[in-house]
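See below:
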């Protein structure tokens, strides 16, 4: 470690921050820094575990200091600042003091008058402690999710092997391999690279991307983004020593970087507004009760005017009653319920491979009306393999002459209607890969030079890494799946270790002079090979989209038509090549074409004028076509079923892909996305359409092929303008604008770039389309959970406040049916415990049986109001009748019956009344099972058990404090049975709600007839009309062409 300790971490940090070239030269340039840090540009760090620990100890780890977590005491302190609780505590203190005074100085006072004030204080602190614990647990969950959000995998070179490591384990001296879309993980300098362009606007504010690799600018800063090219960087500063780390640390020091709870979501804002309106009702009720009871006291108890202590105690009791009514009426549990629901949903979504970055995305997904999805890796398995093609004019694989029957079988399957059980089998099912590539073996044996050219087109024009044929370590597969499939094709052709072959080719004199990596706009990849050391002319190898490659090819390498053995250069047969591409694309295969040319005057920019920054080729020299391969990426087995679920839920799906129109349409039909009457269009044509045409075709658009990121952004913005709630998937750097434009952006956790992940709301950790469907279910579940809690709390609010208010006015002593402590227990039941019970239900398949409601959905529907008012009115009538006909000695029985009603209602509120657009509202079902899936929610069962146990202890053993008396078994049974009368009422109210929901749905369907989403029925109608129009056109043309017979 002697070399490393020669320079302090602060010096290396300052070197990069100041971009000091002179200081780099002082250390001996880049080679000197590599030597000092005991690293190597070609092999990376060569170290042991002990060396790693010593590096972390000296240079620090690549983590920012964690902001101190909020202590439980702080949550308790914040909860105690609630205004209503403060008023209740003040009143209870007054009651406590007067109680002690009367016990000590008033002879005829009872010895336990102080207990009520003490018990209310204890109850308030219990509410504070329970809600604070809930907030503390929720905060810890959010911090855990934040930790997962910030972790990512980095491509490094260590011990001569390329591997993926956590960003947190990055070390000073590491060699990091950069590609377009990556966010630079630490500060360092560029060791080697090709066409590397960096966006430093996040740190410097400079909007123009900077090209790195010049003599005076090879410094790379953490937090900046790789826009173009590839490169190797040497890490010099990590964590708090990096420039990004220093900025974030300073923000934490001044308090602006504290990690708190997430920002308020739209649903929370709606609930805050609703809670505020309900609070006004509570304040009015409390003031009216206080004024009424005070007037009643002064009129009926005039003798209290001569006894100040009794008067103050009586007024205090009235004040406590009024404030307790206010505490019960104010629904402080509403915001907590939605926060708890979102926290629960985001945690469960993470377990189902949806890492939530923006909390509001959970609820927004429930309103989604449209999904714009990628194909590769999302709809398909992303396990690619070459299954056919044409090389040097020789067809192989699925399009070779001896595979004709296979193609017919495939098309037979392709034309079948897609159902829920549609087959997604590979198009070469039943054939070994060796059989597919067998026609190429004799061709390569006879043409060694051409074989070398094709092999170089793959191994030198690639950035992927795969293990040798005998190595089963799948973790060592790095890079684009398309490039990996091409390298694996070489393995099947006898080259066991293509990556080692790449090293051997470079060592034999084939030097990579420059490279233009693949991008979604360019749709091709180029590499310039300097072969001067091998005594050969320079060579430029190209691969990419066939239509772009063929555009400037005038010659091709083709097998001799006479000998059928040797390969020669002949004029290009454009028609035959396009026919090959069409056959491959129609089978759903991705097509990649290969070409080359050899400039006359060297390589690089001076050779033929290739501009590696833009990828444009201004050379007049024609390319030579080598061949084309078809790469299969099988459809995921669960995709057709997931697509059908989305369509059943009223969500339209549009596939946006860079593949050809034929390939995209084939996959879309097998997935069930492209239906009869739907449109498939190419990106260049799509972006050239005017506004009126776009408005006309977008409702029927289901496939957008050969698309660029700009096309995706145009589509997203158009759908939003037409009123859709848009979800979009993306994996590339340039998908960032579309991901940010969409209501919810999904980035790919496996294949996605860091830029795409940072622009997204949710990261698909498994890249599967079915995970998006799970997110939709959870989004709808969040909305339903909040509605369930509203249904429960508003019912309890109305019934508790009205019964307490009326009974207090009717009672001669001004005391209501429930005392303050009993009402506080009810408040605890309906707020914290109710939120826990109703916010933790998981999604059910029935959630996808109704249409989307939109972002401005009505929180409390007409059907919910029917349930709320109907149930509350029933409870009020029953309780007031019991109060009227039973003596004061039965107050405990009334209180117990009221609580039993609420517990029964809590169970019933797990089932919402039918919502507009749901299958239930259409069927007018009378029976809804309120106990369905109840045993699956262990949290809800635990809350119910605790509530019943708490009520039993209060009634049987809380007499002195809660003012209760023990009940007999008969009274307990009567309370439970009276509470159970809510059950038949539940069925009646639900039936009435279903009729109301049906009417709302019919009104909504008339309003939404012009929705942007084209239903299956509308598409089929459009297709039928088009068929009729085409038939009439043909008939008219035939009539016009009929010869005229003269007389």
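Numbering (the UniProt record's numbering), first residue to last: 1 to 1047.
Beta carbons: idealized from backbone N, C-alpha and C, even for Gly.
Treat the numbers as computed from the prediction; the structure is a model and nothing was measured.
Test item: CB-CB of residue 718 and residue 694 under 7 angstroms: yes
Under 7 angstroms between C-beta atoms of residue 754 and residue 182: yes
Selected residue, minimal CA-CA separation from residue 757, among 356, 535, 929: 356
Whole-Å CB distance - residue 702 paired with residue 673, under 8 angstroms assumed: 6 angstroms
Cβ pair count under 8 angstroms reaching 3, the segment 229–239 against the segment 168–186: yes
N-terminal and C-terminal residue of the alpha helix (DSSP H) that residue 446 is part of: 440–446
Cα-Cα separation, residue 914 to residue 990: 7 angstroms
Nearest candidate by alpha-carbon position, reference residue 527, set 458, 350, 29, 959: 458
Proximity winner among 631, 519, 375, relative to residue 488 (alpha-carbon distances): 631
Residue 636 versus 229, 871, 874, 767, residue with shortest Cα-Cα distance: 767
Neighbour-count burial assignment, residue 150, 16 or more Cβ in a 10 Å radius: By the neighbour-count rule (16 or more Cβ atoms within 10 Å), residue 150 is not buried but exposed.
Endpoints, beta strand (DSSP E) assigned at residue 834: No beta strand (DSSP E) holds residue 834; the alpha helix (DSSP H) holding it covers 834–838.
First through last residue of the alpha helix (DSSP H) which encompasses residue 1107: Only positions 1 to 1047 of the chain appear in this structure, which leaves residue 1107 out of reach.
The alpha helix (DSSP H) enclosing residue 164, as first and last residue numbers: No alpha helix (DSSP H) holds residue 164; the beta strand (DSSP E) holding it covers 161–166.
Contact belief for residue 744 with residue 762 at Cβ below 8 angstroms, rounded distance in angstroms: The beta-carbon distance between residue 744 and residue 762, rounded to whole angstroms, is 7 angstroms. This is short enough to meet the 8 angstroms contact definition.
When 37, 647, 866 are compared against residue 51, the one with the closest alpha-carbon: In terms of CA proximity to residue 51, 37 leads the group 37, 647, 866.
Beta carbon of residue 229 nearer than 7 angstroms to that of residue 390: Not closer than 7 angstroms, so no.
Alpha helix (DSSP H) segments (min. 4 residues) lying fully within the segment 168–229: Secondary structure remark: continuous alpha helix (DSSP H) runs of at least 4 residues inside the segment 168–229, in chain order: 201–204.
Terminal residues of the beta strand (DSSP E) in which residue 530 lies: 524–530
Span separating the alpha-carbon of residue 354 from that of residue 226: Distance between the alpha carbons of residue 354 and residue 226 is about 26 angstroms.
With 16 other Cβ atoms within 10 Å as the buried cut-off, status of residue 32: exposed
Contacting residues, own chain, Cβ-Cβ under 7 angstroms from residue 882 (five flanking each side not counted): 894, 897
Sequence-distant residues of its chain with Cβ nearer than 7 angstroms to residue 943 (five each side left out): 833, 836, 837
Assigned exposure category for residue 92 - 16 Cβ within 10 Å defines buried: buried
Segment limits, alpha helix (DSSP H) that includes residue 896: Run containing residue 896: 891–908, per the alpha helix (DSSP H) assignment.
Nearest to residue 557 (by Cα), restricted to the options 374, 450, 804: 450
Beta carbon of residue 243 nearer than 7 angstroms to that of residue 220: Against a cut-off of 7 angstroms, the Cβ pair of residue 220 and residue 243 comes out as no contact.
Beta-carbon proximity of residue 437 to residue 492, cut-off 7 angstroms: yes
Minimum C-alpha distance to residue 11 - residue among 467, 589, 888, 59: Nearest C-alpha to residue 11: 59.
Own chain residues within Cβ distance below 6 angstroms of residue 565, not counting five before or after: 446
Contact check, residue 742 vs residue 782, beta carbons under 7 angstroms: no
Residues near residue 904 in its chain [Cβ-Cβ closer than 8 angstroms; skip 5 each side]: These residues qualify, in order along the chain: 979, 980, 982, 983.
C-alpha gap between residue 376 and residue 751, whole angstroms: Between residue 376 and residue 751, the alpha-carbon positions lie close to 10 angstroms from each other.
Rounded separation between residue 15 and residue 371 - CA only: 47 angstroms
Stretch pair the segment 305–325 + the segment 359–371: three plus CB contacts closer than 8 angstroms: Between the segment 305–325 and the segment 359–371 there are fewer than three C-beta pairs closer than 8 angstroms, too few to call the two in contact.
DSSP state of residue 851 mapped onto helix, strand, coil: coil
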